[in-house]
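Each remark here refers to the structure printed beneath this line.
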Amino acid sequence: MSIWGKIIGGTAGFALGGPMGALVGALVGHTYDVYAASYAHDQQAECQAAFSIALIALSAKMAKADGVVTRSEILAFREKVDIPRKDIDTVSRIWEMARRTPDGFEGYASQVARLFPAASAVLEELMGLLFHIARANGRISDEEADYLRKVAVILGFDDQGYERLAAIHGDEEISPWRVLGLDPSASDDELRKAWLALVARHHPDRLIADGLPQECIKSANDRLARINAAYETIRQQRKAS
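Just so you know, the sequence shown maps onto residues 10 to 250 in the working numbering.
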C-alpha cells in the first residue's frame, strides 16, 4: 500500500494531531488523531506520513502565496513524487483543501520540523521538492522565494543553509564545487572526504530509514546523482590540468 493509502486508511501506525491531523481528518470525516490512535506507534511511519502531508500542504500554500496555480506546478509535483493512479484523486483533494484553508503554512512546517533534526537531510529533501515545484514555471518568483526562505527558517536552516539550498535548486546553473560545498582550492583529500560525507548523508536508503517516504525516492536519487556527477566532473578537470 502506498503512503497515501496508509494515510487515508489509518494503517501506517501513527497518530498525527495538529494541522496535519485536522487536514486529513476533514478529508476522512472525523478527528484523525482519534481515528489513527488505535494502531501501534511506528516512528518511521509517522515521519513518512508527516513528510508527505507537509509536502502537499506546503506546496499548496506556496501556490496560494504566489497567487497562481498552474498545470506545470502540478506536473512538477508528480514528476518527483510517485502517486499511484488510484491515489491521484485523494492527493488532489488534500492539496486543494490545504490551499483553501485559512490557516497559514507555519503550522504545517512547524509540525514536520518537530519530527526531524533541524536542517536534516530529510528536511533538505522537502525543501528541494518545494524548490522544484516553485521552479516549474521557468523561474522562482519573488513571492515564492520569500515563502521558501520562511519555510526554511522554520525547518532549522540558517541564512547560509538557505542560500546553499537556493543555489543548488535555484534557477541558475551551479558549479560542481558549490554542489559539494567546497572552494576550488580544496585538496584532493578534502574533495574526497566532502564527497563521501554527502553520499552518506543523502543516500536514499538512509533517507528512507530516517523518514523519507518511498514515494519520494526519485528526488533522493536525483540529488545523489548530482553529488556523484559533481565529484566526477572535478576529478576529470583535475586530471586534465
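For every residue, glycine included, the Cβ atom is placed at its ideal position computed from N, Cα and C.
- Per DSSP, reduced to three states, the secondary structure at H211 is helical.
- In the three-state DSSP reduction, D180 falls in the coil class, being neither helix nor strand.
- Only buried fits Q57, as 16 or more other CB atoms lie within 10 angstroms of its CB.
- Contact between Y117 and L67 holds, since their C-beta atoms are separated by about 6 Å, short of 8 Å.
- Within the same chain, and ignoring the five residues on either side of P28 in sequence, the residues whose Cβ sits closer than 7 Å to its Cβ are D112, G116, Y117 and Q120.
- With respect to V100, I149 sits apart: the two C-beta atoms are not nearer than 8 Å.
- For the options D192, D198, S194 and N230, the alpha carbon positioned closest to that of V208 is the one of N230.
- Collapsing the DSSP output to three states places D151 in a helix.
- When secondary structure is reduced to three states using DSSP, P93 falls in the coil class, being assigned neither helix nor strand.
- In the DSSP annotation of this structure, S129 is not part of any alpha helix (DSSP H), being labelled neither H nor E.
- Relative to the Cα of W13, the nearest Cα in the group P222, V188 and E88 belongs to P222.
- Note on A127: under 16 other CB atoms within 10 angstroms of its CB, so exposed under the neighbour-count rule.
- By the C-beta criterion, the stretch 189-202 is judged not to be in contact with the stretch 151-166, since fewer than 3 inter-stretch pairs fall below 8 Å.
- A direct Cα-Cα distance of roughly 17 Å separates R235 from R215.
- Excluding the 5 residues flanking it on each side, H141 has same chain C-beta neighbours closer than 8 Å at A85, E88, K89, H178 and S228, in chain order.
- Residues A128 and A161 of the same chain have their beta carbon placed closer than 8 Å to that of G170, with the five preceding and five following residues left out of the count.
- The beta carbons of A72 and R108 sit about 6 Å from each other, so the pair counts as a contact at 8 Å.
- The residues V131, in chain order, have a CB closer than 6 Å to that of D219 in the same chain once the five nearest residues on each side in sequence are set aside.
- By the beta-carbon neighbour count (other beta carbons within 10 angstroms, threshold 16), G137 is buried.
- By the 16-neighbour rule on beta-carbons within 10 angstroms, L164 is buried.
- Under the rule that a run must span 3 or more residues, no beta strand (DSSP E) segment is found entirely inside the stretch 53-116.
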